[in-house]
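Structure record follows, encoded as structure tokens.
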Amino acid sequence: MPKQKAAKIALPTEKQLNLQPIKQVAQSETESETLDDFSDINESIKFFAPKPPIYEDHKIKQAKLKYRLIATGAMSLATLLIVGMGHLYCVILVIGLAFISYKEIMSLKRKDEKDQMSIFSWIDWYYFATFTLGVFPQILIKNKQMKESIEKDSILSLILIQYHKMIAFFCFIFGLLMFVMSLKRGSLRYSFTRLSWTLFSLFIVFTLPASAFYNIYKGMFWFFIPHAIVVVNDSASFLFGYFFGKTPLIMLSPKKTWEGFLGGLVTTFALTYFISEYFAGFSYMVCPQTNITFAMIQGIQCDLPQTFMKQNFELPFAFMGYKHILIRPSTIHALTFALFATVFSPFAGYLISGFKRGLRIESIGNTFGDHGGIMDRFERHGMMAVFVYCYISSIIFRSSDAMERTISLISTLSPEGRIKLYQMINSTAFNQINALSASIISRALQ
Amino acid sequence: MIAWIVLLNLGHFYNSITTLILSSICYKEIITLSESKQRTNLFGKFMDWYIYGMMIYYVLPMNYLKPKLVESFILPDSFFHLILFQYHSFILFCLFLIALVLFVFSLELDKCQYQVEKLTMNLLGALFVVFIPSFASSNIYKGLYWLLFPHICVVTNDVFSYTLGQIFGRTPLIKISPKKTWEGFIGGLICTYIMAFILPIYLQGSQQMLCSMNEIRIRPFAEVACSNVELEQYSRIISLEMAGIQIHLTRLQFDSLVIATYASLIAPFGGFFASGVKRALNIKDFGNAIPGHGGLTDRFDCHGLMGIFTYFYLNYIIYKDQMVAENLSNVLNSMTNEQRIALLPQIISQIQKLQ
Numbered sequence: 006m007p008k009q010k011a012a013k014i015a016l017p018t019e020k021q022l023n024l025q026p027i028k029q030v031a032q033s034e035t036e037s038e039t040l041d042d043f044s045d046i047n048e049s050i051k052f053f054a055p056k057p058p059i060y061e062d063h064k065i066k067q068a069k070l071k072y073r074l075i076a077t078g079a080m081s082l083a084t085l086l087i088v089g090m091g092h093l094y095c096v097i098l099v100i101g102l103a104f105i106s107y108k109e110i111m112s113l114k115r116k117d118e119k120d121q122m123s124i125f126s127w128i129d130w131y132y133f134a135t136f137t138l139g140v141f142p143q144i145l146i147k148n149k150q151m152k153e154s155i156e157k158d159s160i161l162s163l164i165l166i167q168y169h170k171m172i173a174f175f176c177f178i179f180g181l182l183m184f185v186m187s188l189k190r191g192s193l194r195y196s197f198t199r200l201s202w203t204l205f206s207l208f209i210v211f212t213l214p215a216s217a218f219y220n221i222y223k224g225m226f227w228f229f230i231p232h233a234i235v236v237v238n239d240s241a242s243f244l245f246g247y248f249f250g251k252t253p254l255i256m257l258s259p260k261k262t263w264e265g266f267l268g269g270l271v272t273t274f275a276l277t278y279f280i281s282e283y284f285a286g287f288s289y290m291v292c293p294q295t296n297i298t299f300a301m302i303q304g305i306q307c308d309l310p311q312t313f314m315k316q317n318f319e320l321p322f323a324f325m326g327y328k329h330i331l332i333r334p335s336t337i338h339a340l341t342f343a344l345f346a347t348v349f350s351p352f353a354g355y356l357i358s359g360f361k362r363g364l365r366i367e368s369i370g371n372t373f374g375d376h377g378g379i380m381d382r383f384e385r386h387g388m389m390a391v392f393v394y395c396y397i398s399s400i401i402f403r404s405s406d407a408m409e410r411t412i413s414l415i416s417t418l419s420p421e422g423r424i425k426l427y428q429m430i431n432s433t434a435f436n437q438i439n440a441l442s443a444s445i446i447s448r449a450l451q
Numbered sequence: 156m157i158a159w160i161v162l163l164n165l166g167h168f169y170n171s172i173t174t175l176i177l178s179s180i181c182y183k184e185i186i187t188l189s190e191s192k193q194r195t196n197l198f199g200k201f202m203d204w205y206i207y208g209m210m211i212y213y214v215l216p217m218n219y220l221k222p223k224l225v226e227s228f229i230l231p232d233s234f235f236h237l238i239l240f241q242y243h244s245f246i247l248f249c250l251f252l253i254a255l256v257l258f259v260f261s262l263e264l265d266k267c268q269y270q271v272e273k274l275t276m277n278l279l280g281a282l283f284v285v286f287i288p289s290f291a292s293s294n295i296y297k298g299l300y301w302l303l304f305p306h307i308c309v310v311t312n313d314v315f316s317y318t319l320g321q322i323f324g325r326t327p328l329i330k331i332s333p334k335k336t337w338e339g340f341i342g343g344l345i346c347t348y349i350m351a352f353i354l355p356i357y358l359q360g361s362q363q364m365l366c367s368m369n370e371i372r373i374r375p376f377a378e379v380a381c382s383n384v385e386l387e388q389y390s391r392i393i394s395l396e397m398a399g400i401q402i403h404l405t406r407l408q409f410d411s412l413v414i415a416t417y418a419s420l421i422a423p424f425g426g427f428f429a430s431g432v433k434r435a436l437n438i439k440d441f442g443n444a445i446p447g448h449g450g451l452t453d454r455f456d457c458h459g460l461m462g463i464f465t466y467f468y469l470n471y472i473i474y475k476d477q478m479v480a481e482n483l484s485n486v487l488n489s490m491t492n493e494q495r496i497a498l499l500p501q502i503i504s505q506i507q508k509l510q
């Protein structure tokens, strides 16, 4: 057989082909060009449409589970320890967390080259001090010991109690003045963005702890239970999502699932009932604290407030043959908190995810190494604290707050006003106090 | 000009409403500013006005519809009373919650940055344009003078610092606005002082200007009358000794001088702030409500800071006892009868302790 030499076929090299990479066109760009008028509706419909399930590598999932378990366990133990130590230590914990989260948020927008020449290196902390001045007396006035130790008509009393709001306002305006004086033609946009960022984050970083302080001093129950609910909900929905998770929940956070949500809901409600029933029996949890003491692990004695006593409630419908239910009102409040924690507080988390996507950053801060900073973990707790503050101040503690406020208002009266008030009260008969007398008292001062 | 005079005479309630309308127009200008080339869909517009509504709800019981004013209109335990006063902060939080949920649902992956920036700008705009000027409205009920005079101060300061700057101007004042000069600044201050010296003498005895109003009267051009005790308080003479010269000022002149100081020294920075914002956004005017002069925000940028200073000055320094009494009566009215009876011995012991 004649050996035929295989003809050598010269394959073209890459250079000869002149290959060019295919340009990746973003999906959204093409869609918005074609469907001009309906692109908005389409986007919103896309949110509700079922999405393909997310498959994560099993090993990564396992590592995450391990990390989550360890982190949650460690943080819970630490929190339990601090809760046991005393009210003031919880306050210090909250202050520390707020401080760190403020630093993290500030570090997002800081560009160090531009800061050297301008005032931004210190205006952040100036505004921090201003807001502290604005919020600080709220903690002070809560307890009577410190308030009585401030002398009447001393400078401290003037600043902190009498002319407090005015002085805080002037400090704020002074900061604005300094800001305007320092504006330069070239970096205007950066200055304004920086200022609004500072003010915004300060607002968030201060309202959350202020609410938490209020809650703590009304009784450890109102601080411990809501945050325990959030932790339980987080962990339960994570565990349910880990084992059963299939259908994604929301476009912003692709890792949350409907199974996790519903499983977390049921678990949270069940556990809340038991936890709040159990802890309402301890007077340490339940009593409002009016002193600032550094003493650790000290008990408090007080009469059991009415919200914590078991009462008979009549159900509007017969449920499995039971018409009455014996339950503490505090448990009902705790179940409301649980509802809020499962349904609404994840939205704070989604908002932060939205922010992160908007700013194209991975995580806010790196306190926890790779897993993100304080703000990532604690935004749900912050929103919970604000909700609990609004709830208990409007619904539960409305009357006792009114009494406290009346007494503190009277103490800010000038001497002539006090004399007038005293004369007015002495001249009206005690037993005839009715609705009119309140307005009479105030009109007498005018 | 005639419009201003008519407006002043209309009555306290209508001036208060005018403040509200003007701040709404300013807010609309800010909304149109924060839109960019990406079209906002209908939901975005809804969010803008929702934020406005939330801010108005927050401000309403504080400044526009104070409890004392609406005593005769809104009875306690009525629906409006519950919404406006009793559960105010709780309802505000629920509104905020709804806003949060709706905003999160509306975030689209490719427009995230734009939406977040827009929301922040609208929020801050609402704060500066709706929240801060609303304090001017609560000043009206202490006397029309406290609406008229601060704004006249700001206008005088503007006009005189501009003219004096044209005549004498040499050293520039601030990097942002190259047309303002130190000479104009100080000259404006002196002219405003002179005006603040003269004007109160004119209006000292005017009942219409100085009387405080305690209820909402819908009838326009109503007469304002009040007891002489209030007017006398403004005529008290304060003697100051400065550099060996004794000056006798009436209380009203003294207050007017303080307000004039603030108007000349600090209120112009509101204008600088607004012009800085305009330069940062590369726009010439905020809107075109006034042809040739730009929008309303251009006109009223200095007045906002003025209103809130007047509020603090009136409530904390002049009428401090009245403010405390008002707060007291608000708090007392929200308690039930048994609580008031229980509170009385505590009040008395508190007063005895303080004396």
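So the sequence lines, in the order shown, correspond to chains A and B.
Mapping of the first sequence onto our numbering: residues 6 to 451, in sequence order.
Mapping of the second sequence onto our numbering: residues 156 to 510, in sequence order.
In this text, a Cβ means the ideal position worked out from N, Cα and C, and glycines have one as well.
Quantities reported herein were computed from a predicted structural model and do not represent experimental measurements.
The three-state secondary structure of B/E396, taken from DSSP, is strand. Put simply, of A/A353, A/D406 and A/T411 the residue whose alpha carbon is nearest the alpha carbon of A/V391 is A/A353. Apart from the 5 residues on each side of it in sequence, A/S206 sits with its Cβ closer than 6 Å to the Cβ of I110 in its chain, given in chain order. Runs of alpha helix (DSSP H) with 4 or more residues, each lying fully within the region 209-258 of chain A, are found at 226-249, listed in chain order.
Along the region 476-489 of chain B, the positions whose C-beta sits under 8 Å from a C-beta of chain A are D476, Q477, V479, A480, E481, N482, L483, S484, V486, L487, N488 and S489, read in chain order. Of all residues in the region 407-419 of chain A, those with a C-beta nearer than 8 Å to a C-beta of chain B are A407, M408, R410, T411, I412, L414, I415, S416, T417, L418 and S419, reading in chain order. Secondary structure note for B/A281: its alpha helix (DSSP H) is the uninterrupted segment C267 to A281. No Cβ of chain B is located within less than 8 Å of the beta carbon of A/G268.
Residue pairing of B/I402 in beta bridges, as defined by DSSP: B/L395. The bridge partners DSSP lists for B/P327 are B/T336.
For A/L182, the neighbours in chain B by C-beta distance under 7 Å run, in chain order, I421 and F424.
Below the 7 Å Cβ cutoff, chain B contributes no neighbours of A/G191, its closest Cβ being approximately 10 Å away.
Looking at the DSSP output, A/T262 shares a beta bridge with A/P253. Note on B/T187: under 16 other CB atoms within 10 angstroms of its CB, so exposed under the neighbour-count rule.
When rounded, the separation of the alpha-carbon atoms in B/F260 and B/K200 is 15 Å. A straight line joining the alpha-carbon of B/N437 with that of B/K183 spans about 18 Å. The region 179-194 of chain A and the region 476-485 of chain B do not touch, with fewer than 3 CB-CB distances between them shorter than 8 Å. In the assembly as shown, A/W127 is an exposed residue. Its beta-carbon has fewer than 16 other beta-carbons within 10 Å.
Here the alpha carbons of B/W159 and B/N170 stand approximately 10 Å from one another.
Secondary structure remark: continuous beta strand (DSSP E) runs of at least 3 residues inside the region 60-92 of chain A: none found. Minimum Cα-Cα distance from B/V225 among the listed residues B/I373, B/F323 and B/G431 corresponds to B/I373. Relative to the Cα of B/F286, the nearest Cα in the group B/G450, B/N218, B/Y348 and B/Y205 belongs to B/N218.
Restricting attention to A/S358, A/F383, A/S419 and A/G224, the CA atom closest to the CA of A/F402 is found in A/G224.
Proximity of B/T318 to chain A, defined by a Cβ-Cβ separation below 8 Å, is not satisfied.
Shown here, B/G425 sits in a helix according to DSSP, grouped into three states. For B/G431, a Cβ of chain A is located within less than 8 Å of the residue's own Cβ. For B/S244, the chain A residues whose Cβ falls inside 8 Å of its Cβ are C395, S398 and S399, in order along the chain. Contacts between B/F409 and chain A, judged by CB atoms closer than 8 Å, are missing: the closest CB pair is about 18 Å apart. Interface residue (Cβ-Cβ distance to chain B less than 8 Å): A/L86 is not classified as such.
With respect to chain B, the C-beta atom of A/I230 has no partner C-beta closer than 8 Å.
Shown here, A/L418 sits in coil according to DSSP, grouped into three states, outside any helix or strand. For B/E184, the enclosing alpha helix (DSSP H) covers residues H167 to S189.
A Cβ-Cβ contact shorter than 8 Å links A/T273 with A/A343. For B/N294, the enclosing alpha helix (DSSP H) covers residues S289 to I295. The alpha carbon of B/F409 has as its nearest neighbour, out of B/I463, B/R434 and B/L354, the alpha carbon of B/L354. Going by beta carbons, A/R333 and A/F313 fall inside the 8 Å limit.
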